[in-house]
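Colleague:
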Amino acid sequence: MASSPSLSAPTAAPAPSTCAHCGDACPPQPITFADKAFCCQGCRSVYELLAARNLCQYYAIGDATDDARPGQKVPEVELPGRFAYLDEKSVQMQVLTFCSDTLARVTLHLPRMHCASCIWLLEHLYQLNPAVVESRVNFPRKEISLAYRPQETSLRDVVTLLTAIGYEPEITLAELGPKAPRANRAIIYQLGVAGFAFGNVMLLAFPDYLAAVGQLAGEFGRFFGYVSLALALPVLLVSARPFFRSAWQGVKQRYINLDFPISLGLAALFTVSTVEVLRGHGVGYFDSFTGLVFFLLIGKWAQQRTTDALRFDRDFTSYFPVAVTKLLPDGEERTASVKELKIGDRIRVRHQEVIPADAILLRGAGQIDYSFVTGESAPVTKVPGEIIYAGGRQIADAVELEVVREVSQGYLTQLWNNPAFQKAERTTDPAVRLETYADHVGRWFVGATLVLALGAVAYWGGWRHDTDMAVRAFTSVLVIACPCALSLASPFAFGTALGIFGRHKLYLKNTGVVETIGRTNTIVFDKTGTLTDVRRSRVRYDGPPLTPRQQQRVAALVGCSTHPLSQRLRQELGESDFDDFVGQFTEKPGQGLKANVAGMEVRVGRPDFVSATGTGKTAVRPAAPVGEFDGGQARVSVAFGGEVAGEFIFENVYRDGLPAVLDALRDRYHLVVLSGDHDGEQGRLRQLFGLRAELRFRQSPLDKLHYIAELQRQGRTVMMIGDGLNDAGALRAADVGVALTDTLTNFSPACDAILDAESLRALPAFLRFTRGSLQAVLLTFGLSLCYNAVGLTLAVQGRFTPITSAILMPISSLSVMLLATMLVRRAARRERL
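In this note's numbering, the protein residues as written are 394 to 1226.
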């Protein structure tokens, strides 16, 4: 490791004329340190801080020109106690998104973040403050998400550190909560500069277009040429900067991106025009240059506007189906969307449910799993009066909470898209991702464009000795080439599909899920709560009659679970006086529930689980496994104090429209049923699924997980449809995990999609629609290639002027976006979606 520079007194070495940190001009007597000169003490302090921790690579990452320079001037004066207000608990409650004894999270807006060096430095904050566990930058929104250990540092220390290195956060307590990204108005200003220059240069070039004023043009042409050069210079430095910057960033990463040929054409056009004016050979092509930039920016602006609209359409947080049990003033319970929650509302959170909003614990014992937020699986114990942050999952009995902060849908979105739940690409997957294919074709297309452009120069300039035509053909080829359409087709087509799915109550995590669904060839179904509609089943009890107190104990126990059978049984038994007296709650997926209810142990589930109390007592009568269907019935045993009392029998009812759904799927897809139940319903399921379907019974959650992995090893692309509790592992392992929900959503970040049970009958239409979306992408690829074949042929022949190419290029991009959207919407209309 390189040694840090000495922190001794400043040296007397000659200082350069610019500050080593921010690049500003140094005063006649600059402040020096380690043979470096600085314009102020603030810049020197930042350099010392970075040098002491071997972070001076910061200065080598960004560009050294204009606003892409790494360092920024740092204020020298720091007011004492400036951030003291951040030590107040009430302020931290408003600023922090999460806080526990071991970890705190905060998202801050950093308006001075501006280049790759900023990203690199901010994501290495842990080297400046070891108590910072993680820092992730969202560059388009100029935000940083920080996680730190509160016992080692404080929010005030973190904000002070950011300010000290030149990135003071913008903290406005009056505007807390999720905010929309700030609009980027830079392109508006660049467009204005280009439009002003284009209009005036065209006016100055007007005499050249009229043969009748040849003498006038000769007298004023030289003067008009210099004026045009002066007008074109701001266009080059301001308006055309995004194209050159993007091209340069790609070159530094050894990657030829889509802006490289455009930048090369702009540079050639400006250079040739400047040489002509300075040598007095003409007025150049400044009208074409400024017009080219102007029309390119129009295309970029239109693309940005369309993308913003698409992002809004894809914003599934507006219909995110996370529901919660809301407690009404009269004591009744009602299932409500989390969007309806207000400060002061009381909610009930059951076992395995996610806390949707920051809330105070009122009743019950909180055992909160914050692994989604912190990555730590150890549960955190909470007692009444303590705050519980959104994102935690209750893993004990049901609790009652009072909301203290409005629901942050943006935070739930981050939770669903947490990297911990992202699926790795299967190397054995024979399918080729369309976006990867588009990128691959795009790189080859750019290479071919450069070869054609150089070939046009060689032909017209070397063989035909026509310099004007060589310049025209060269710039026209570079500008008219449109490989960007290959990159626009997939996100616009799949983004449109995402919005259509959402309107029909299928909520996808991102656009990549659409593509994976289109490649699916195997569909795996859970049975209980997925194929069956538990809400419509009739419940009866078989055994010695239960006393009212026993019924209330069972109701209190099953009320803590989100399993479909538990919810149906709670609905049947009604309210319980023992809801606040449930302790030591445990739910074992595929086995059952147990808890101490008002001083007595109560168990509900499989007979081996129900009777395994360790007391030596056994079942007084035989009972079928939980969920076993014998003649269309599910049986669930119940025991009090270790003695089996009887069993609840659920008459099985399959979901409406299920036979039609399976008839539409069986010819194209390999269908599988993975059930934890007995095979008593095998005959009925075989009739529904057909002879080619695979039926597996008595499958534990681990068995389901292993079976999904085996299908994938065979090269199959698997969609798993099940509930979010017993099937959580299988949902995560599948290529597409779809959690089916009725009235209450058991939110699971492990799944890729949430499907409302009412929309299950539309599953065949959804699958056909995704295949139609893939076809739309391929058609837009074809359109782009045809357009470029015609355009490049004419451009090589010199039949296009650069400005004509600049007009056609954004039109082609917009046509691809519009075609992709129209084709997807047409596919949706064909499926009546």
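Every residue, glycine too, gets a C-beta built ideally from N, C-alpha and C.
Computed from a predicted model, the values in this text were never measured in an experiment.
According to DSSP, is His-1099 helix, strand or coil?
Modeller: Sequence index remark: in the sequence shown, residue 1099 carries index 706 (1-based). His-1099: helix per DSSP, three-state reduction.
Colleague: Using the C-alpha atoms, what's the distance from Thr-495 back to Ala-752?
Modeller: Start at 1 with the first residue of the sequence shown, and residue 752 comes out as number 359. Start at 1 with the first residue of the sequence shown, and residue 495 comes out as number 102. Approximately 19 Å between the Cα atoms of the pair.
Colleague: Starting from Lys-645, trace the alpha helix (DSSP H) in both directions and tell me its first and last residue.
Modeller: Position 252 of the sequence shown, counted from the start, is the residue given in the question as residue 645. Here the alpha helix (DSSP H) through Lys-645 covers 634-645.
Colleague: Do Leu-1078 and Leu-1088 have their C-beta atoms closer together than 8 Å?
Modeller: By 1-based counting over the sequence shown, the position of residue 1078 is 685. By 1-based counting over the sequence shown, the position of residue 1088 is 695. Yes. Within cutoff.
Colleague: Helix, strand or coil for Gln-977 per DSSP?
Modeller: To locate residue 977, count along the sequence shown from 1; it is residue 584. Reduced to three states, the DSSP call for Gln-977 is strand.
Colleague: Can you check which of these residues, Asn-1181, Met-993, His-956, is closest to Gly-985 by C-alpha distance?
Modeller: Here residue 985 is taken as the residue at index 592 of the sequence shown, counted from 1. Nearest C-alpha to Gly-985: His-956.
Colleague: Specify, as a first and last residue, the run of the alpha helix (DSSP H) that Asn-1181 falls within.
Modeller: What you label residue 1181 is simply residue 788 of the sequence shown in a count that begins at 1. Looking at the DSSP string, the run of the alpha helix (DSSP H) that includes Asn-1181 is 1156-1189.
Colleague: Decide if Arg-578 is buried, meaning its Cβ has at least 16 other Cβ atoms within 10 Å, or exposed.
Modeller: Residue mapping note: residue 578 aligns to position 185 of the sequence shown, counting from 1. With fewer than 16 other Cβ atoms within 10 Å, it is exposed.
Colleague: Hey, would you say Leu-1201 sits closer than 8 Å to Gly-1184, going by beta carbons?
Modeller: The count along the sequence shown starts at 1 and reaches residue 1201 at position 808. The count along the sequence shown starts at 1 and reaches residue 1184 at position 791. Yes, Cβ-Cβ distance for Leu-1201 and Gly-1184 is below 8 Å.
Colleague: Do Ser-525 and Leu-539 have their C-beta atoms within less than 8 Å of each other?
Modeller: Within the sequence shown, numbered from 1, the residue matching residue 525 stands at position 132. Within the sequence shown, numbered from 1, the residue matching residue 539 stands at position 146. In the sequence as displayed, the identity of residue 525 is Val instead of Ser. Yes.
Colleague: Quick check: the Cα distance between Val-951 and Ile-1101, rounded to an integer number of angstroms?
Modeller: As a working mapping, residue 951 is identified with position 558 in the sequence shown. As a working mapping, residue 1101 is identified with position 708 in the sequence shown. Approximately 30 Å, taken between the alpha carbons.
Colleague: Counting C-beta neighbours from all protein chains within 10 Å, is the total for His-674 16 or more, i.e. buried, or is it exposed?
Modeller: Within the sequence shown, numbered from 1, the residue matching residue 674 stands at position 281. Flag for His-674 reads exposed.
Colleague: Roughly how many whole angstroms lie between the Cα atoms of Phe-1174 and Leu-1084?
Modeller: The residue given as residue 1174 occupies position 781 in the sequence shown. The residue given as residue 1084 occupies position 691 in the sequence shown. Cα to Cα, Phe-1174 sits roughly 40 Å from Leu-1084.
Colleague: Under a Cβ-count criterion, where at least 16 other Cβ atoms within 10 Å of its own Cβ denotes burial, should Thr-860 be classed as buried or exposed?
Modeller: For the purposes of this step, residue 860 is identified with residue 467 of the sequence shown, where counting begins at 1. Counting the other Cβ atoms within 10 Å of the Cβ of Thr-860 gives fewer than 16, which makes it exposed.
Colleague: Buried or exposed: which applies to Ala-851, given that a residue is buried once 16 or more other Cβ atoms fall within 10 Å of its Cβ?
Modeller: Within the sequence shown, residue 851 is the residue found at index 458, counting from 1. Exposed, by the Cβ-count rule.
Colleague: Met-486 to Ala-729, Cα distance in whole Å?
Modeller: As a first step, residue 486 is located in the sequence shown; it is residue number 93 there, counting from the start. As a first step, residue 729 is located in the sequence shown; it is residue number 336 there, counting from the start. Their Cα atoms are separated by approximately 26 Å.
Colleague: Quick check: the region 1040-1060 against the region 1147-1157, are at least 3 beta-carbon pairs closer than 8 Å?
Modeller: yes
Colleague: Per the DSSP calculation, Thr-925 is bridged to which residue(s)?
Modeller: As a working note, residue 925 is residue 532 in the sequence shown. Thr-925 pairs with Tyr-1047.
Colleague: What residue range is occupied by the uninterrupted alpha helix (DSSP H) comprising Asp-652?
Modeller: By one-based count along the sequence shown, residue 652 stands at place 259. Taken as a continuous stretch (DSSP letters only), the alpha helix (DSSP H) holding Asp-652 covers 652-672.
Colleague: The beta strand (DSSP E) with Arg-739 in it runs from where to where?
Modeller: Locating residue 739 in the sequence shown gives position 346, counting from the first residue. Note, Arg-739: beta strand (DSSP E), 739-742.
Colleague: For Gln-760, which of helix, strand or coil comes out of DSSP?
Modeller: What you label residue 760 is simply residue 367 of the sequence shown in a count that begins at 1. Here Gln-760 carries a strand assignment [DSSP, helix/strand/coil].
Colleague: Secondary structure at Ser-538, three-state DSSP: helix, strand or coil?
Modeller: On the sequence shown, residue 538 is found 145 positions in, with the first residue counted as 1. The answer is strand: DSSP assigns Ser-538 an E or B state.
Colleague: Once the 5 residues before and after Leu-657 are set aside, which same chain residues still bring their CB inside 7 Å of it?
Modeller: One-based indexing of the sequence shown puts residue 657 at position 264. The answer, listed in chain order, is Leu-871.
Colleague: Should Asp-1056 be labelled buried (16 or more other beta-carbon atoms within 10 Å of its own) or exposed?
Modeller: Mapped onto the sequence shown, residue 1056 falls at position 663. Label assigned to Asp-1056: exposed.
Colleague: Would you tell me roughly how many angstroms separate the C-alpha atoms of Phe-1043 and Ala-1027, rounded to the nearest one?
Modeller: Numbered from 1 along the sequence shown, position 650 holds the residue referred to as residue 1043. Numbered from 1 along the sequence shown, position 634 holds the residue referred to as residue 1027. Cα to Cα, the separation comes out at about 5 Å.
Colleague: Compute the Euclidean distance between the alpha carbons of Gly-983 and Gly-892, then round it to the nearest angstrom.
Modeller: Translated into positions along the sequence shown, residue 983 becomes position 590. Translated into positions along the sequence shown, residue 892 becomes position 499. Between the alpha carbons of Gly-983 and Gly-892 lies a distance of about 35 Å.
Colleague: Looking at the structure shown, is Arg-1059 part of a helix, part of a strand, or coil, going by DSSP?
Modeller: Residue 1059 sits at position 666 when you count from the first residue of the sequence shown. If DSSP states are grouped into helix, strand and coil, Arg-1059 belongs with coil.
Colleague: Which of helix, strand or coil does DSSP assign to Arg-1079?
Modeller: Counting from 1 along the sequence shown, the entry for residue 1079 is found at position 686. The answer is helix: DSSP assigns Arg-1079 an H, G or I state.
Colleague: With a threshold of 6 Å on Cβ separation, who are the neighbours of Leu-659 within its own chain once the five nearest residues in sequence on each side are excluded?
Modeller: Taking the sequence shown and counting its residues from 1, one reaches residue 659 at position 266. Once the five neighbours on either side are set aside, the close Cβ partners of Leu-659 are Ala-633.
Colleague: Indicate whether the contact test is met: 3 or more Cβ pairs, each with one atom in the region 896-904 and one in the region 926-933, closer than 8 Å.
Modeller: no
Colleague: Could you name the residues that DSSP lists as bridge partners for Thr-915?
Modeller: On the sequence shown, residue 915 is found 522 positions in, with the first residue counted as 1. According to DSSP, which records beta bridges pairwise, Thr-915 is partnered with His-1063, Val-1111.
Colleague: Which same chain residues end up closer than 7 Å to Ser-666 when comparing Cβ atoms and leaving out the 5 residues on each side of it in sequence?
Modeller: To locate residue 666, count along the sequence shown from 1; it is residue 273. The answer, listed in chain order, is Gly-677, Tyr-678, Phe-679, Phe-682.
Colleague: Decide yes or no for the touch test of the region 1115-1135 against the region 911-926: beta carbon pairs closer than 8 Å, at least 3 of them.
Modeller: yes
Colleague: Between which two residues does the alpha helix (DSSP H) containing Ala-1269 stretch?
Modeller: No answer is possible for residue 1269: it lies beyond the span of the chain, which begins at 394 and ends at 1226.
Colleague: CA-CA distance, Ser-954 and Asp-790?
Modeller: Position 561 of the sequence shown, counted from the first residue, corresponds to residue 954. Position 397 of the sequence shown, counted from the first residue, corresponds to residue 790. Approximately 8 Å between the Cα atoms of the pair.
Colleague: Among the candidates Gln-960, Ala-1221, Arg-1125, Phe-1090, whose CA atom is the shortest distance from the CA of Ala-1155?
Modeller: Reading the sequence shown from its first residue, position 762 is the one you call residue 1155. Minimum Cα distance to Ala-1155 is reached at Ala-1221.
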